[in-house]
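Residue numbers (this note's numbering), protein chains in the order written: chain A, 1 to 371; chain B, 1 to 371. Each residue gets a CB set at the ideal place from its N, CA and C atoms; glycine is no exception. Computed from a prediction, not measured in an experiment: that's the story for all the values here. Everything below concerns the one structure shown next.
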């Protein structure tokens with residue numbers, strides 16, 4: 001059994017569960033650190049093990065362009081190539097391809113796009129995205145979807161949805177014919193239109209994927225729109241399949257989505273913010289470059305037990321950042337990913353005690369206090 | 001006792017020994033990774049412990065400008081500020097100051113220089129360099145010396161030498177009055193002139209420092225000049241004091257200098273090369289960006305037991321480098337520093353067996369084979 005629900009919170013839609021893959025189990029709700037090019041930026045695989053990352057993300061599009069599938073095939077898959085023996089989810093790259101509007105042309109057949117690396121042209125069909133992810137041996141594959149962009153007209157969202165559904169059907173067919181070991185997730189689109197979202201959910205649910213994702217959110221819409229769509233669609237998603245909210249990642253967004261029943265998250269925010277000197281702490285965000293930390297002997301987050309917080313002060317981290325030392329990115333990334341994974345661990349614990357709502361309130365209260 | 005010789009190789013000038021500091025022992029001959037700003041670039045302190053670094057280097061000048069001595073004083077020293085509990089040697093910064101010729105003005109009193117960070121002007125006396133390093137609580141302090149540059153006229157080398165000696169005397173006086181816990185090393189200058197080198201050795205030896213360094217080499221001179229000066233001066237240096245060759249660091253230079261009796265080394269080469277994709281291996285240097293490693297599944301150095309070599313292939317490291325991932329710098333630096341420390345460990349082992357010369361021949365033979 002690929003997914004089983006362990007416990008449902010009695011007072012909200014939150015649930016804990018377990019996903020079983022060929023490379024081990026994942027406890028949900030889970031946060032997946034993003035390793036676009038087969039490496040989570042500034043963290044070695046040893047760091048990720050130490051922080052107890054259970055699964056990381058790769059990007060089909062980026063890895064397809066570089067190093068290319070032939071090399072990954074030669075290694076027997078992305079796990080061997082990247083030296084990572086725990087589960088890997090690969091995003092199809094639809095989001096990346098459609099984020100670069102120019103030189104991207106979609107037909108029912110597939111998408112023609114230009115490499116952001118060397119400008120060469122490629123044509124990608126939904127079946128190709130499956131074949132490529134088969135080569136990666138990703139534990140969880142995402143289908144190629146068509147993201148209309150944000151903001152988008154109703155017409156554009158409508159067109160994107162039809163193609164997304166057509167492609168999902170073809171991708172599912174190819175996957176079932178070629179892959180017995182892994183899982184494949186569909187992506188629900190529909191922009192900010194509840195009717196389109198519902199239609200997408202209905203169409204894709206019939207195709208019986210191993211899991212379902214919500215795409216096209218956290219792309220610039222208002223918090224109200226984000227909350228409105230999550231609140232509308234998540235509780236309607238199939239109960240016994242893992243639910244994945246793609247690309248969302250502020251603590252607030254995660255708490256809201258878990259409350260409605262989301263099981264999986266990914267976001268570049270903790271690693272990107274780390275490289276920009278922004279740390280997540282129990283009492284809110286801390287910008288380590290700030291002059292006020294120049295002589296501050298406290299750890300970044302006094303409540304945190306990560307390697308960085310156990311060994312280094314805000315003053316030292318500020319010094320590294322101001323001095324443009326690579327070590328600033330490393331130590332900050334260790335902290336932020338630890339913070340996120342610890343946050344998810346506390347969420348799971350609270351759900352098991354039927355106290356998710358209390359946890360959410362307390363977390364947001366503390367987080368709002370300010371460092 | 002600060003330093004004791006453990007064993008002298010019967011067939012060369014090489015020797016093993018032990019330096020005792022307030023932060024632990026150091027086995028010599030030793031290589032000291034360079035952590036200019038209080039951080040060895042791309043390596044956390046945990047990495048350094050794992051690689052078994054015994055001592056790291058800091059730079060008095062850089063740390064004086066940023067973060068400034070007040071902050072380090074507040075922490076009680078550089079060890080606490082940087083979260084490093086093993087020995088630290090700090091270079092005085094003379095080399096850095098005199099490498100920036102413009103806006104640097106030397107008198108017998110001291111040196112006036114311009115900050116490379118914000119252009120502000122400072123005046124540094126040899127006593128100041130002691131006081132600053134006292135604040136750092138460096139286990140080994142270096143005196144402020146005057147490096148004439150390379151190439152230099154005889155007249156310039158002569159003038160620099162006189163000032164270096166005058167400053168050494170004043171620095172020694174200040175150190176003996178203010179510091180009971182640490183060690184202070186003098187720096188022998190004299191450029192490529194054996195007579196000046198001998199004079200410098202003679203003058204400084206009378207001041208009874210805890211150790212002696214050779215400065216002003218590996219600054220662009222020919223290999224013949226390097227070898228000529230090392231061969232001339234090192235065997236004449238005080239037998240029972242540690243001997244430190246500053247800034248030299250190709251494996252060839254280290255082998256030559258150990259053979260003559262040098263005990264300590266530092267060099268930015270292994271970390272800088274790592275960031276540029278150049279790895280040291282048993283069979284020579286390996287430029288990981290090279291197209292030929294694109295599909296190479298071997299570890300960087302099949303003879304190496306470091307984290308990088310145990311877990312990653314040349315193809316993966318090439319991919320990280322080409323993709324400009326920070327992880328390339330991290331994994332390459334882990335390997336190169338491990339390679340250097342392992343190299344020194346093998347040197348010590350060979351000396352104890354009176355087989356340094358055989359080791360040198362074999363190492364250079366292997367290193368010359370090419371990857």
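Distance between beta carbons of residue j and residue i, contact taken as under 8 Å
| i | j | result |
| --- | --- | --- |
| residue 67/B | residue 328/A | Not a contact, Cβ separation roughly 13 Å. |
| residue 331/A | residue 341/A | With 8 Å as the limit, residue 331/A and residue 341/A do not qualify as a contact, their Cβ atoms being about 16 Å apart. |
| residue 211/A | residue 140/A | 7 Å |
| residue 157/B | residue 193/B | 6 Å |
| residue 98/A | residue 61/A | Contact doesn't hold; Cβ gap of about 10 Å is too wide. |
| residue 178/B | residue 135/B | Not quite, the Cβ-Cβ distance comes to about 11 Å (not below 8 Å), so this is no contact. |
| residue 347/A | residue 29/A | 6 Å |
| residue 374/A | residue 336/A | There is simply no residue 374/A to check, as chain A begins at 1 and stops at 371 in what is shown. |
| residue 144/B | residue 124/B | 7 Å |
Where residue i falls, given that 16 or more other Cβ within 10 Å makes a residue buried
| i | result |
| --- | --- |
| residue 121/B | exposed |
| residue 362/B | exposed |
| residue 155/A | exposed |
| residue 325/B | buried |
| residue 222/A | exposed |
| residue 226/B | buried |
| residue 266/A | buried |
| residue 103/A | exposed |
| residue 137/B | buried |
| residue 286/B | buried |
| residue 180/B | exposed |
| residue 117/A | exposed |
| residue 6/B | exposed |
| residue 253/A | buried |
| residue 185/A | buried |
Residues that residue i contacts on chain B, provided the C-beta gap is smaller than 9 Å
| i | result |
| --- | --- |
| residue 57/A | Simply none; closest approach about 15 Å. |
Residue i to residue j span [Cα, whole Å]
| i | j | result |
| --- | --- | --- |
| residue 128/B | residue 209/B | 18 Å |
| residue 219/B | residue 74/A | 45 Å |
| residue 90/B | residue 229/B | 24 Å |
| residue 34/B | residue 49/B | 14 Å |
| residue 310/A | residue 46/B | 12 Å |
| residue 241/A | residue 214/A | 13 Å |
| residue 322/B | residue 65/B | 34 Å |
| residue 187/A | residue 101/A | 20 Å |
| residue 217/A | residue 183/A | 23 Å |
| residue 96/A | residue 231/A | 26 Å |
| residue 308/A | residue 296/A | 15 Å |
| residue 69/A | residue 160/A | 27 Å |
| residue 36/A | residue 164/A | 22 Å |
| residue 202/B | residue 371/B | 45 Å |
| residue 357/B | residue 93/B | 35 Å |
| residue 313/A | residue 80/B | 9 Å |
| residue 233/B | residue 114/B | 33 Å |
| residue 197/B | residue 78/B | 33 Å |
| residue 176/B | residue 207/B | 11 Å |
| residue 255/A | residue 360/A | 6 Å |
| residue 251/A | residue 305/A | 19 Å |
| residue 150/B | residue 190/B | 11 Å |
| residue 238/A | residue 205/A | 7 Å |
Amino acids of chain B, ordered along the chain, whose beta-carbon sits closer than 8 Å to that of residue i
| i | result |
| --- | --- |
| residue 325/A | 37, 39 and 41 |
| residue 71/A | 294, 295, 315 and 319 |
| residue 307/A | 44 and 46 |
| residue 20/A | Within 8 Å Cβ-Cβ: nothing; residue 20/A doesn't reach chain B, min ~25 Å. |
Within chain A, the residues that residue i reaches when beta carbons sit closer than 7 Å
| i | result |
| --- | --- |
| residue 329/B | 326 |
| residue 261/B | Those do not exist, as residue 261/B stays about 35 Å from chain A at its closest Cβ, beyond 7 Å. |
| residue 82/B | 316 |
Residue i Cβ short of 8 Å to the ligand ADP heavy atom set
| i | result |
| --- | --- |
| residue 325/A | Judged by which ligands are present, the structure shown has none, so any question about the ligand ADP falls away. |
Neighbouring residues, chain A, relative to residue i (Cβ below 9 Å)
| i | result |
| --- | --- |
| residue 66/B | 319, 322 and 323 |
Contacts of residue i in chain B (Cβ-Cβ under 7 Å)
| i | result |
| --- | --- |
| residue 75/A | 297 |
| residue 311/A | 45 and 83 |
Chain-ordered neighbours of residue i on chain A, where CB pairs are closer than 8 Å
| i | result |
| --- | --- |
| residue 24/B | Here the premise fails: no neighbours, minimum Cβ distance about 18 Å. |
Are at least three pairs of beta-carbons, each pair with one atom in the region 254–264 of chain A and one in the region 275–294 of chain A, less than 8 Å apart? no
Touch check for the region 95–110 of chain B and the region 18–29 of chain B: three-plus C-beta pairs under 8 Å? no
So does the region 239–258 of chain A actually touch the region 286–301 of chain A, counting three or more Cβ pairs closer than 8 Å? no
Could you say if the region 11–22 of chain B and the region 349–357 of chain B meet the contact criterion of at least three C-beta pairs nearer than 8 Å? yes
Would the region 35–45 of chain A count as touching the region 293–301 of chain A if we require 3 or more Cβ pairs under 8 Å? no
Under 8 Å: do the region 159–177 of chain B and the region 50–63 of chain B share three or more Cβ pairs, one atom per stretch? no
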